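One structure is given below, encoded as structure tokens.
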Amino acid sequence: MIGGIGYGGLVIALVTTLTAVITSLCGGRSRSAALIETARRAALITFPVLSLSILALLYLLASGRFEYSYVYQTTDLSMPLYLKLAALWGGQEGSLLFWCWLLAGFTFSVVARRWKTEVDLLPWVIAATSFTLLFFIILVLFFENPFSRYFITLDGIIKRAFFPPAMSILAKPTDGAGLNPLLRHFGMIIHPPALYLGFTGFVIPFAFAFAALVSGRTDDHWLKITRKWSLLAWLFLSLGLVLGSRWAYDVLGWGGYWGWDPVEISALMPWLTGTAYLHSAITQEKRRLFQHWNIALIVLTFCLVILGTFLTRSGMLSSVHAFSQSAIGPAFFVFIILMFSISFGLLLHRWSALRSENQIHSVFSRESAFLFNNLLFTALLLICLTGVLFPIFSELLTGQKVTVGPPFYESATAPLFGLLLLLMAIVPLTMWGVSTSRNLGRHLWKSALAALAVPLIVFLAGVRNWFALLAVWLVTLAIFTTVLDTYRTVTLRASNRQEPVRQAFGTLVRRFSRRYGGYLIHIGVALMALGIIGIEFFQTTTQGMLAAGETLSLSGYTFTYEKLEVTDNADGRNSARASVMIKRDNRELKRVFPGSDTYYVSQQSVTLPGVRSTLVDDLYVILVDWQPISSEGATFKIYRNPLINWLWIGSGVLVFGTLVALWPTTRRKNIPRTHQEEK
Amino acid sequence: MKRVLLVIWLFFLLIVQTPGYAQTEPPVSDDEVNRLASELYCPVCENVPLEVCPTKACAQWRELIREKLALGWNDEEIKAYFATQYGDQVLAVPPRRGFNWLIYLVPPLTLVAGILIAIRVIRKPKTIPAAQEVSNEGPCRMAAEDFISQIENDLEGVE
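Each protein sequence line maps, in turn, to chains A and B. Quick note, in the numbering used here, the first sequence goes up one by one and the last residue is 661. Quick note, in the numbering used here, the second sequence goes up one by one and the last residue is 703.
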């Protein structure tokens, strides 16, 4: 019954979305208000209908209805309720349905807004979002149905279907296989929704760009309307990436946060183009530059979102993430090619109407800085895209399977990330329009000298890695120029208006929330870079087998293995927990409990590192192996990850900065100053 | 008695110097094994470095690295051995030959393309506005004020 409601919701959503696509296209073409209104209503109704399907699936997951294949595959009786509910995005079918629901939600929010002068964009926005949604609903309904049940035919074959096959009875397993143990982590509970919100969020600016191209309204209107949508999508995408990194750090047990895994890169690629877009959109608003490029970037971001979902969901990449394979690959491939061709065809059609009104005249101007920013992000994208697709092409064309691992990405992207840091440092000192090297140099050299103080201290502390010192200098310079620019502007306002500094600061942040939010994001990125410098240049590691009471040493710390306890838990886990005392100069710092959980049903193990975390470093202890009978000998692997916590702190600052940028700005009242003073 | 002791002594020397003994007690640390294993990938679980792969097969492959290191093989010999046995996908990057050169050409080509695009997009004006020229001159204090007023102007324009 409940499954029927969920399935019925999907069928109705298919009909309403199809209606929205057809009526919006016809309405947009014939300019028929009645047809456009029908499309609008059809698009609006899809979200509540899909919500019914989502609620039905959540109910089935929570109530342990194991006759449903999705419930069987992703839950078991021992799982707590929150994990059963999080299993909604723990497998292929559920996460695709969740994708549909989020996209329907975004479409609902856009269509339900008050449409005024830009009403001519409406049918095409509905067409673009509904067509994307239609594709995903078809995938869910016909290829990856989460409401399929298990049936046993007379000849004993188990079949998956929603409607009972002929001569079969419903199979009712008493327990499920359970969620992949690696996914039973707080980061993994929030990571997929955040990432999917980011993915689906970028469909909205794409839809507006598409609408601008079709309708011929190629001014800045689409860009201004979608400014906050893009930022919101970018926020969720950033959050998804950071949470994924945190999950990898906590659960995968390889002492790192980013492994240049193809699926990680698939999520990073739309972030790269999305970030480039956020910058180049400012240039279009301010200087009427990059009109073609902005549309191309948002189309590219959309296509990369679909490509990322395709690579993750089609099983084309074999990695730790691609835990399921399916037959939906060709459908995805056709959809991406179709959307890419239509969008770029329209862009070429409107090419002359989108011609930039201005030109960049100076290498040292702010618009040049934004151009370099975009070139660097595009270069990063090309490197990532090559790295991800190369193994596929190699296998297709030469039959030879190859791996493109971290050494390639690290050597190819590190100089580009360094240049991005340099740009971040320079941009607060640049000016729009014509600017000379003398102008920029005059403001830069003092900051550059002042920022040398930090790498000098690091050098005196004994660090002799010149690349690391250069990176530290760039981070310091980026933070220094950003803070200095804010300080100068605030003190100037305070002295001009005779205001207290705090009030001047508050007013400026409220009025120019996008600028200061952006500055906070830059500071967050610089702090994240500090964490990355720490772990990339200075990570140390050791491994050894210890008997109880024996010690391993690493970077001045000692790690004494005390004991190991192995227990069987009621929830189907066998847990091993070691006790390790961390000391420095014979002073006890912390006792950590690295361990491992093995799940009986799936026979999968999850590593649980013991971590001592400070702002200076993380000491990350992993129990690699142990003797199950004697419990005497155990092998430990220990990492010292300097400054890694600044990566997480920086991420927090980045998220806060984005929220500041999203905050509605307060408009200045147009009251002459003298009049104000008279009052 | 002396002959017995001599035999025992010779037997002891034999044990110590036999390569077989060296193999049962390899003087290679976990750290040395991991250093090399981090540059290789699990032949079975794709995209998982051999160093961190939790499977039993990978534990055996790590032991194989230990044995090869104990026998005096260098890093390149061991990598080549694994590539021959299990294919090029066990290497962290594609070997620089044939079709694989394509991937190594992308970063430098991207750089060249980026520079060309920048040169094409940025066009110097024939004349620089006079006001700009003036702002480059003058005492430091004036320069700072120009700078701050420029920031204020920028701020007004952004929102």
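Don't be surprised by glycine CBs; every beta carbon is placed ideally from N, CA and C. Computed from a predicted model, the values in this text were never measured in an experiment.
Neighbours of F354(A) in chain B, taken as residues whose beta carbon is under 8 Å from its own, are A662 in chain order. Counting only runs of 3+ residues, the beta strand (DSSP E) found wholly inside the region 88 to 167 of chain A occupies 131 to 135, 140 to 143, 150 to 152, in chain order.
Counting along the chain, K210(A) sits inside the alpha helix (DSSP H) bounded by residues 209 to 229. Of the residues G72(A), L37(A), Y64(A), the one whose Cα lies closest to the Cα of Y54(A) is G72(A). Taking a beta-carbon distance threshold of 8 Å, G183(A) does not count as an interface residue toward chain B. The beta carbons of A38(A) and I(-16)(A) sit about 5 Å from each other, so the pair counts as a contact at 8 Å. In the assembly as shown, H167(A) is a buried residue. Its beta-carbon has 16 or more other beta-carbons within 10 Å.
Just so you know, the alpha carbons of L502(A) and T385(A) end up roughly 37 Å apart. Using a Cβ-Cβ distance cut-off of 8 Å, the region 517 to 537 of chain A and the region 616 to 631 of chain A are in contact, since at least three pairs of beta carbons, one from each stretch, lie closer than that value.
Membership of Q521(A) in any alpha helix (DSSP H) is not indicated, and neither H nor E is assigned to it by DSSP. Interface with chain A (8 Å Cβ-Cβ cutoff): P598(B) is included. The C-beta of A361(A) comes closer than 8 Å to at least one C-beta of chain B. Rounded to the nearest whole angstrom, the CA to CA distance from F346(A) to Y585(B) is 45 Å. Taking a Cβ-Cβ threshold of 8 Å, none of the residues of chain B is close to G444(A); the smallest such distance is about 22 Å. Taking the Cα positions, F292(A) is about 14 Å away from T283(A).
The three-state secondary structure of F541(A), taken from DSSP, is strand. When 7 Å is used as the limit between beta carbons, Q604(B) is near no residue of chain A, the shortest such separation being about 13 Å.
The three-state secondary structure of V588(B), taken from DSSP, is coil. Of the candidates V635(A), F88(A), G444(A), A109(A), the residue whose Cα lies closest to the Cα of I18(A) is A109(A). If you draw a straight line from the Cα of F144(A) to the Cα of Y41(A), it comes to about 17 Å. The CB of P244(A) comes closer than 7 Å to the CB of N591 in chain B, given here in chain order. Beta-bridge partners of I604(A) (DSSP): K619(A).
If you draw a straight line from the Cα of R479(A) to the Cα of Y178(A), it is about 46 Å long.
For the pair S33(A) and L(-8)(A), the CB atoms are not nearer than the 8 Å cut-off. T255(A) is positioned such that its CB atom lies no closer than 8 Å to that of L221(A). Interface criterion not met: the Cβ of Y625(B) is under 8 Å from no Cβ in chain A.
Proximity to A16(A) across K206(A), I277(A), A2(A), D600(A) peaks at A2(A), based on C-alpha coordinates.
Remark: three or more beta-carbon pairs, one from each stretch, lie closer than 8 Å, so the region 153 to 169 of chain A and the region 231 to 239 of chain A are flagged as touching.
Residues of chain A whose Cβ lies closer than 9 Å to the Cβ of L635(B) are, in chain order, V384, T385, G387.
Our two residues, R446(A) and L438(A), have alpha carbons roughly 11 Å apart in a direct line. Within the region 331 to 346 of chain A, Q341, I342, H343, S344, V345 place their CB atoms closer than 9 Å to a CB of chain B, listed in sequence order.
Rounded to the nearest whole angstrom, the C-alpha separation of L405(A) and G241(A) is 26 Å. For T596(A), same chain residues with a beta-carbon under 8 Å away, outside a window of 5 residues either side, are N627 in chain order. For Q525(A), the neighbours in chain B by C-beta distance under 9 Å run, in chain order, S573, D574, D575, V577, N578. Residue range 574 to 581 is occupied by the alpha helix (DSSP H) that includes N578(B). In the DSSP assignment, A560(A) falls within the unbroken beta strand (DSSP E) covering 555 to 566.
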